[in-house]
Amino acid sequence: LSQRDLTVKVPVTEDMTGPVADALNLLTSETASVLQGVTRISEQVATASDKVKSQSDAVIAVADVERQAVEQTATDLTAAAETMRQIAQLAQTCNATAETAIKTTQTALQTVTSTVNGINTTRDTIRETEKRIKRLGERSQEISGVVNLINTIAERTHILALNASMHAASAGEAGRGFAVVAGEVQRLAENAREATSQIATLVSNIQIETADTVNAMNAAISQVVDGSRLAEQAGDQMKRTQETTTELVVAVQQIASRSQEQARVSNELLDRAQQIQQSTRQTSQQLQEQTVQTTNLVEYARSLLNAVRVFRLPA
Numbered sequence: 068l069s070q071r072d073l074t075v076k077v078p079v080t081e082d083m084t085g086p087v088a089d090a091l092n093l094l095t096s097e098t099a100s101v102l103q104g105v106t107r108i109s110e111q112v113a114t115a116s117d118k119v120k121s122q123s124d125a126v127i128a129v130a131d132v133e134r135q136a137v138e139q140t141a142t143d144l145t146a147a148a149e150t151m152r153q154i155a156q157l158a159q160t161c162n163a164t165a166e167t168a169i170k171t172t173q174t175a176l177q178t179v180t181s182t183v184n185g186i187n188t189t190r191d192t193i194r195e196t197e198k199r200i201k202r203l204g205e206r207s208q209e210i211s212g213v214v215n216l217i218n219t220i221a222e223r224t225h226i227l228a229l230n231a232s233m234h235a236a237s238a239g240e241a242g243r244g245f246a247v248v249a250g251e252v253q254r255l256a257e258n259a260r261e262a263t264s265q266i267a268t269l270v271s272n273i274q275i276e277t278a279d280t281v282n283a284m285n286a287a288i289s290q291v292v293d294g295s296r297l298a299e300q301a302g303d304q305m306k307r308t309q310e311t312t313t314e315l316v317v318a319v320q321q322i323a324s325r326s327q328e329q330a331r332v333s334n335e336l337l338d339r340a341q342q343i344q345q346s347t348r349q350t351s352q353q354l355q356e357q358t359v360q361t362t363n364l365v366e367y368a369r370s371l372l373n374a375v376r377v378f379r380l381p382a
């Protein structure tokens with residue numbers, strides 16, 4: 068026993084030491100059996116601990132890969148959430164700009180509508196003025212007819228006065244007074260002819276200017292009509308622009324709403340990813356601690372096995 072050899076048996080004698088030897092052999096046998104069991108269990112523990120350590124190392128490697136993947140996912144989700152937030156802000160800015168554009172278009176449309184109404188009023192006024200000028204031209208023609216009539220009467224009066232003067236001259240002293248009257252009538256007729264000639268010239272000038280004015284009015288009306296048509300076309304285009312801008316605002320609002328929703332979902336995913344990341348870190352830390360404990364267990368089993376191996380046991 069002092070040599071740690073448990074294979075040796077103490078001889079059993081018939082004397083007083085016989086029972087002691089027999090008890091000692093039994094103790095040695097039981098101790099050897101226990102140590103054999105301890106050796107076998109220590110070897111199994113060491114083998115199992117090695118396997119557990121290998122599996123723990125593999126799990127740690129997988130957990131580390133998963134941790135890196137989760138961290139990368141968290142980074143990507145952070146970037147995605149920031150992108151969604153920027154898109155939402157940009158959509159809100161576009162929405163404000165589009166609403167401003169709608170207000171500007173509405174103001175411009177009101178201005179164009181007022182312009183069209185003003186042009187139409189101007190057109191109606193010009194047409195009414197044209198009618199009055201035409202009526203003035205017609206009155207001028209009537210005046211011209213009256214002037215011609217007066218001129219004809221003046222010429223006939225002049226001829227009659229001339230004939231009366233001739234008859235008065237042939238009457239001698241008796242016709243002198245009549246000759247004076249005839250001369251005065253002839254002078255008045257001549258003045259009437261000159262006056263009617265001047266009136267005819269004025270009326271002719273008025274008719275010419277009236278015709279020119281009517282032509283100018285017609286040209287102005289044509290330009291006003293063209294301007295009114297262009298203004299109406301511009302108004303129609305602005306209405307279509309307003310409708311398109313309104314549709315754009317609705318689309319931008321939908322984009323902003325969906326972007327905000329996506330940003331919210333991205334933030335939730337980011338929170339979950341961060342929770343998973345934290346859990347993965349804790350799991351990795353626990354696995355590392357378990358690996359350390361498993362390594363210690365292997366060392367303990369080997370130490371126990373080395374302690375048992377100092378004994379020589381039965382085969």
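The C-terminal residue of the sequence shown carries number 382 in our numbering, and the numbering is unbroken. Built from N, CA and C at the ideal position, the CB exists for glycine as well.
Within the same chain, Cβ atoms closer than 8 Å to the Cβ of THR350 are found at ALA130, the five residues on either side in sequence being excluded.
No Cβ-Cβ contact shorter than 7 Å links THR277 with LEU229. Under a 10 Å Cβ-count criterion, VAL291 is classified as buried, with 16 or more other Cβ atoms of the shown protein chains found around its own Cβ. Exposure of MET233 is indicated by the presence of fewer than 16 other C-beta atoms within 10 angstroms of its C-beta. In the three-state DSSP reduction, GLU81 falls in the coil class, being neither helix nor strand. Apart from sequence neighbours up to five positions away, no residue of its chain approaches ALA283 with a beta-carbon distance below 7 Å. Here DSSP, grouped into helix, strand and coil, assigns LYS198 to helix. In this structure, SER123 lies near LEU354, with their beta-carbon atoms less than 7 Å apart.
Contact annotation: the segment 153-166 touches the segment 321-332, with at least three C-beta pairs closer than 8 Å.
By the CB criterion at 7 Å, GLY302 and ILE186 fall outside the cutoff. Residue environment for LEU144: buried (at least 16 other C-beta atoms within 10 angstroms of its C-beta). Between GLN329 and ALA141, the C-beta spacing is not below 7 Å.
In the three-state reduction of the DSSP assignment, LYS76 falls in the coil class.
Note that the segment 209-228 touches the segment 252-259; at least 3 beta-carbon pairs, one per stretch, sit closer than 8 Å. Taking the CA atoms as reference points, ILE210 sits about 28 Å from GLY250.
If you draw a straight line from the Cα of VAL270 to the Cα of ALA259, it is about 16 Å long. Your pair ALA298 and VAL214 does not check out as a contact, with CB atoms roughly 46 Å apart and the cut at 8 Å. Exclusion of the five residues before and after ASN162 leaves VAL316, VAL319, GLN320, ALA323 as the residues of its chain whose Cβ lies within less than 7 Å of its Cβ. When ASN218, VAL247, ALA165 are compared, the shortest CA-CA separation from ALA231 is found for VAL247. The C-alpha of GLU166 lies about 15 Å from the C-alpha of MET305. Setting aside the 5 residues that flank it on each side, SER121 has no residue in the same chain whose C-beta is closer than 7 Å to its C-beta.
Between ALA286 and the set ARG331, ARG190, ARG199, the nearest pair of CA atoms involves ARG190. The beta carbon of ARG134 lies closer than 8 Å to those of GLN344, THR347, ARG348, SER351 in the same chain, with the five residues before and after it left out.
Around the CB of LEU337, 16 or more other CB atoms lie within 10 Å, so the residue is classed as buried.
Nearest Cα to THR196 within the set ILE288, THR171, VAL332, GLY85: ILE288. For the pair ALA113 and VAL365, the CB atoms are nearer than the 7 Å cut-off. By the CB criterion at 7 Å, ALA148 and SER333 fall inside the cutoff.
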